[in-house]
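**Q** Protein chains in written order, with this note's numbering: chain E, 5 to 333; chain Y, 5 to 333.
Idealized CB from N, CA, C, for every residue including glycine.
Provided herewith is a single structure, encoded as structure tokens, for subsequent inquiry.
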DNA sequence: CATATCGTAGTAAACGTTTACAGCATATCG
DNA sequence: CGATATGCTGTAAACGTTTACTACGATATG
């Protein structure tokens, strides 16, 4: 069987309380006893059972992170940053992807009973559920999701970047007919981006921007673009993320359409391969890893100092001009 | 405070045992009582505390997965498949990336006390540690790692694929001078690939294959290729994964070297963007998502049927010929 | 009518920890 | 030397569950 505090106590010839004291370095224990216990711990390779500790009310030493999904470089970037910070600070990581599952609420509630705090990303669950969990005093950080009452949030900047992108496309390249690929319902970020894109179009008296709702993976962009090709093409395709843009590349290439001379394409996220594809993709750089990183730091801060700083952090994005928008060719 | 089985019992006017019985649908409880309890559960929004359940020895309802690292499409593919299967079967997912940390052993041992089973990937931890955990009767599945005593393993096929790749490069394109980019020490898969590549070189009496050890991210491939460019170039660059190959593309482009006429390049993994970059990358397709998927299924099988099938699954890989090796241009 | 059986529900122990409290030596001090 | 303080360690309760066991009343059976 597994080695518990009892086995150690037995081997060392002391009570379990003494073992616990040695293990945690609290209380007073005679040097000779300490030595005996330490040797027993070493000998048996004892590691305290986290479940026991957690139940006792101390801490789970675990952080949760809730994703809407888990494909693509954006999420794995966030994950990477989060996991790294968490483990460095001594926490395990529990991950949950909701995939729009109907039982998401239950899953998240359950998750909340096995962590010391959690990060909730984007459109994974309703405000109501979040409030309920927050009310039970579990530290929560919102990621890529607008702040809710006094729960801190971390988001990347969208408005300014979307505005810059549109100004560039309109004033530098003179495009007037746009199509937007992506589903504003899918994420708060995309909602914001689409809203700003529309607003700028109105400012410039452009024709209404056509929206083709599609998922956020390469193949979704591929199919959506195929569909688009059956109609009259816009001058520029604004994709909600780089992967959709990649799918668009595929579909356009099959139609022998040249980017950007036949149609311009832009992405969002600036994932690592975006400057390697042909032509290099104009995109908006987001600090994905930094997002996860900061979320973890903020959460740990809340847990360990039990301070709610109610911060709303907005991480800057940066427009990255390459060739797919019509630049530099 | 949080709602426990006690609160429910109190509200329903019964003992906690009865609540537990209703909740789990075991034992006999009168219809009228059941109704009272169910109503109380609903009213309070009671969800059993997993920690309590776990401590009681029932189950954690959680699966662990240990990665060496967590960047790139390969790992997130595995993760995606694993998480999906796990959650569908009612398990939470705990993830740990070891990053060659020295405390990895402790972290994994600790992880093992909070899950019902775990998947251990590649070079994350020593055999000794794995054996120790397996001895405590925790179900384990090895992934991208050779089988160990009677612990089941899931790997993707390397030998046959590597042989096919080499035969193609030698007999079709006539290359004789190769350089291998990647670190065989880093992963079992890469070790195998490099070994076979060497073996084939010997069979064909080719000059010894030069190895440039490098990490597995795009930037690692970039720097390694820069270094390579300072020496005499081989005819073909075999990269341990696609991301390294992407980095090589970058570096070669900066030197104004054309792929494949100046130098051929091959990758491994066939990540989604590999047929989008210019020129499309010749690679070896691996069923990443399927790997994670199967690992979860196998693990859950072991947990729920407590059967050790000692299977060693080998998933087929497929050579994908595109232009970067010299084909089709 | 006495007894066995059965349905129902409560009591208490167990899981692995931590920690308040008590108790017992030993040392310190008057 | 007696009283008190101090250092050390053990006992037991608590955390939230599940479940073996027990108990009780009602019903069935002889």
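#1: I'd like to know if residue 1 of chain Y contacts chain E, where contact means its C-beta is closer than 9 Å to some C-beta of that chain.
#2: Could you run through the segment 43-61 of chain E and flag, in chain order, every residue whose CB is less than 9 Å away from some CB of chain Y?
#3: Considering Cα atoms alone, identify which of E/232, E/167, E/293 is closest to residue 88 of chain E.
#4: Would you mind stating whether residue 276 of chain E and residue 230 of chain Y have Cβ atoms separated by less than 9 Å?
#5: Using DSSP with H/G/I as helix, E/B as strand and the rest coil, what is residue 73 of chain E?
#6: For residue 222 of chain E, return the contacting residues in chain Y, with the cut-off set at a CB-CB distance below 7 Å.
#7: Below 7 Å on C-beta distance, what does residue 113 of chain E contact in chain Y?
#8: Could you pull out every residue in the same chain whose Cβ sits closer than 6 Å to the Cβ of residue 197 of chain E, ignoring the five residues on either side in sequence?
#9: Using only alpha-carbon positions, find the residue among E/246, E/122, E/149 that is nearest to residue 131 of chain E.
#10: Here's the rule: buried if 16 or more other CB atoms are within 10 angstroms of the residue's CB, otherwise exposed. What is residue 320 of chain Y?
#11: Can you grab the Cα-Cα spacing for the pair residue 53 of chain E / residue 309 of chain E, in whole Å?
#12: Which value, in whole angstroms, describes the spacing of the CA atoms of residue 34 of chain E and residue 107 of chain Y?
#13: Quick one: what does DSSP say residue 4 of chain E is sitting in, helix, strand or coil?
#14: For a quick check, are the C-beta atoms of residue 110 of chain E and residue 72 of chain E less than 9 Å apart?
#15: Given a cut-off of 9 Å on the beta-carbon distance, is the pair residue 269 of chain Y and residue 328 of chain Y in contact?
#16: Take residue 298 of chain Y as the anchor and find which of Y/116, Y/188, Y/145 has the nearest alpha-carbon.
#17: Which residues bound the alpha helix (DSSP H) around residue 147 of chain E?
#18: Can you check whether the CB of residue 184 of chain Y is closer than 9 Å to the CB of residue 204 of chain Y?
#19: Output the distance between the C-alpha atoms of residue 41 of chain E and residue 113 of chain Y, rounded to the nearest integer angstrom.
#20: Counting only beta-carbon atoms, is residue 265 of chain Y nearer than 9 Å to chain E?
#21: Taking the alpha carbon of residue 143 of chain E as the point to measure from, which residue in E/241, E/10, E/119 has its own alpha carbon closest?
#22: Using only the alpha-carbon positions, how far apart do residue 59 of chain E and residue 92 of chain E sit?
#23: Measure the beta-carbon distance from residue 18 of chain E to residue 32 of chain E and round it to whole angstroms, keeping in mind my assumption that it falls under 8 Å.
#24: Under 9 Å between beta-carbons, which chain E residues line up against residue 168 of chain Y? List them in chain order, please.
#25: Please list, in chain order, all residues of the same chain as residue 10 of chain E whose beta carbon is under 7 Å from its beta carbon, the five residues on each side excluded.
#26: Looking at the C-beta of residue 2 of chain Y, does it have a partner C-beta in chain E at a distance below 9 Å?
#27: Distance cutoff 9 Å, beta carbons only. Does residue 327 of chain E sit that close to anything in chain Y?
#28: So, are the CB atoms of residue 273 of chain E and residue 316 of chain E less than 9 Å apart?
#29: Given residue 208 of chain E, which residues of its chain have a CB within under 6 Å of its CB, disregarding the five upstream and five downstream residues?
#30: Can you list, in chain order, the residues of its chain whose CB lies under 8 Å from that of residue 267 of chain E, leaving out five sequence neighbours each side?
#31: Give me the Cα-Cα distance between residue 258 of chain E and residue 226 of chain E, rounded to the nearest whole angstrom.
#32: Interface residues of chain Y around residue 83 of chain E at Cβ under 7 Å?
#33: Listed in chain order, which residues of the segment 97-123 of chain E have Cβ atoms closer than 8 Å to some Cβ of chain Y?
#34: For residue 250 of chain E, which residues in chain Y fall below 8 Å Cβ to Cβ?
#35: Given residue 49 of chain Y, which residues of its chain have a CB within under 8 Å of its CB, disregarding the five upstream and five downstream residues?
#36: Compare the Cα-Cα distances from residue 217 of chain E to each of E/224, E/311, E/186 and report the closest residue.
**A** The relevant details are as follows:
#1: No information on residue 1 of chain Y is available, as it lies outside the stretch 5 to 333 that chain Y covers here.
#2: The segment 43-61 of chain E vs chain Y, Cβ under 9 Å: 49, 51, 52, 53, 54, 55, 56, 58, 59.
#3: Along the first chain, read from residue 1 onward, the residue named residue 88 of chain E stands at position 84. Comparing C-alpha distances from residue 88 of chain E to each of E/232, E/167, E/293 shows the shortest one belongs to E/293.
#4: Here residue 276 of chain E refers to the residue found at position 272 when the first chain is read from its first residue. Here residue 230 of chain Y refers to the residue found at position 226 when the second chain is read from its first residue. For residue 276 of chain E and residue 230 of chain Y, no; Cβs fall outside 9 Å.
#5: The residue you call residue 73 of chain E lines up with position 69 of the first chain. Residue state, collapsed to three classes: coil.
#6: Within the first chain, residue 222 of chain E is the residue found at index 218, counting from 1. Ordered by position in chain Y, the residues that pass the 7 Å Cβ test against residue 222 of chain E are 276.
#7: The count along the first chain starts at 1 and reaches residue 113 of chain E at position 109. Going along chain Y in sequence order, the residues near residue 113 of chain E (Cβ under 7 Å) are 51.
#8: The residue you call residue 197 of chain E lines up with position 193 of the first chain. These residues qualify, in order along the chain: 162, 166.
#9: In the first chain, the residue the question calls residue 131 of chain E occupies position 127. Measuring from the Cα of residue 131 of chain E, the nearest candidate turns out to be E/149.
#10: In the second chain, counting from the first residue as 1, residue 320 of chain Y sits at position 316. Under the 10 Å beta carbon count, residue 320 of chain Y is surrounded by fewer than 16 other beta carbons and is classified as exposed.
#11: Taking the first chain and counting its residues from 1, the one referred to as residue 53 of chain E is at position 49. Taking the first chain and counting its residues from 1, the one referred to as residue 309 of chain E is at position 305. Straight-line Cα distance between these residues: approximately 24 Å.
#12: Counting from one through the first chain, the residue named residue 34 of chain E turns up at place 30. Counting from one through the second chain, the residue named residue 107 of chain Y turns up at place 103. Rounded to the nearest angstrom, the two C-alpha atoms are 28 Å apart.
#13: With chain E represented from 5 up to 333, any question about residue 4 of chain E goes unanswered, as that position is not in the structure.
#14: On the first chain, residue 110 of chain E is found 106 positions in, with the first residue counted as 1. On the first chain, residue 72 of chain E is found 68 positions in, with the first residue counted as 1. Contact: no.
#15: Looking up residue 269 of chain Y in the second chain gives position 265. Looking up residue 328 of chain Y in the second chain gives position 324. Using a Cβ distance threshold of 9 Å, residue 269 of chain Y and residue 328 of chain Y count as a contacting pair.
#16: For the purposes of this step, residue 298 of chain Y is identified with residue 294 of the second chain, where counting begins at 1. Taking only the C-alpha atoms, the option nearest residue 298 of chain Y is Y/145.
#17: Working through the first chain from its first residue, we reach residue 147 of chain E at position 143. Bounds of any alpha helix (DSSP H) do not take in residue 147 of chain E; it lies within the beta strand (DSSP E) bounded by 144-147.
#18: Here residue 204 of chain Y is taken as the residue at index 200 of the second chain, counted from 1. Here residue 184 of chain Y is taken as the residue at index 180 of the second chain, counted from 1. Their beta carbons are not under 9 Å apart, which means residue 204 of chain Y does not touch residue 184 of chain Y by this criterion.
#19: Here the question's residue 41 of chain E lines up with position 37 in the first chain. Here the question's residue 113 of chain Y lines up with position 109 in the second chain. Straight through space, the alpha carbons of residue 113 of chain Y and residue 41 of chain E are spaced by roughly 20 Å.
#20: Within the second chain, residue 265 of chain Y is the residue found at index 261, counting from 1. Not a single CB atom of chain E sits nearer than 9 Å to the CB of residue 265 of chain Y.
#21: Along the first chain, one-based indexing puts residue 143 of chain E at 139. Looking from the CA of residue 143 of chain E, the closest CA among E/241, E/10, E/119 belongs to E/119.
#22: Working through the first chain from its first residue, we reach residue 59 of chain E at position 55. Working through the first chain from its first residue, we reach residue 92 of chain E at position 88. Rounded to the nearest angstrom, the two C-alpha atoms are 23 Å apart.
#23: Taking the first residue of the first chain as 1, we reach residue 18 of chain E at position 14. Taking the first residue of the first chain as 1, we reach residue 32 of chain E at position 28. At roughly 14 Å, the Cβ-Cβ gap does not stay under 8 Å, so residue 18 of chain E and residue 32 of chain E are not in contact.
#24: What you label residue 168 of chain Y is simply residue 164 of the second chain in a count that begins at 1. Counting only Cβ-Cβ distances below 9 Å, residue 168 of chain Y has no contacts in chain E at all, with the closest Cβ about 26 Å away.
#25: Stepping through the first chain from its first residue, residue 10 of chain E is reached at position 6. Only 20 meet the Cβ criterion.
#26: Any property of residue 2 of chain Y remains undetermined from this structure, which presents chain Y solely from 5 to 333.
#27: Position 323 of the first chain, counted from the start, is the residue given in the question as residue 327 of chain E. By this cut-off, residue 327 of chain E is not an interface position.
#28: Locating residue 273 of chain E in the first chain gives position 269, where the first residue counts as 1. Locating residue 316 of chain E in the first chain gives position 312, where the first residue counts as 1. A distance of 9 Å or more separates the beta carbons of residue 273 of chain E and residue 316 of chain E.
#29: Locating residue 208 of chain E in the first chain gives position 204, where the first residue counts as 1. Scanning its chain for C-beta atoms nearer than 6 Å, with the 5 sequence neighbours on each side dropped, one finds around residue 208 of chain E the residues 174, in chain order.
#30: As a first step, residue 267 of chain E is located in the first chain; it is residue number 263 there, counting from the start. Answer for residue 267 of chain E: 237, 238, 239, 240, 241, 256, 261, listed in chain order.
#31: The residue given as residue 258 of chain E occupies position 254 in the first chain. The residue given as residue 226 of chain E occupies position 222 in the first chain. Computed Cα separation, rounded: 10 Å.
#32: Here residue 83 of chain E refers to the residue found at position 79 of the first chain. Contact of residue 83 of chain E with chain Y by beta-carbon distance below 7 Å involves 74.
#33: Flagged, chain order: 97, 98, 99, 100, 101, 103, 105, 110, 111, 113, 114, 115, 117, 118.
#34: On the first chain, position 246 is the one that residue 250 of chain E refers to. When 8 Å is used as the limit between beta carbons, residue 250 of chain E is near these residues of chain Y: 276, 277, 280, in chain order.
#35: Taking the second chain and counting its residues from 1, one reaches residue 49 of chain Y at position 45. Closer than 8 Å at Cβ, skipping near neighbours: 7.
#36: Taking the first residue of the first chain as position 1, residue 217 of chain E is located at position 213. Nearest option by C-alpha distance: E/186.
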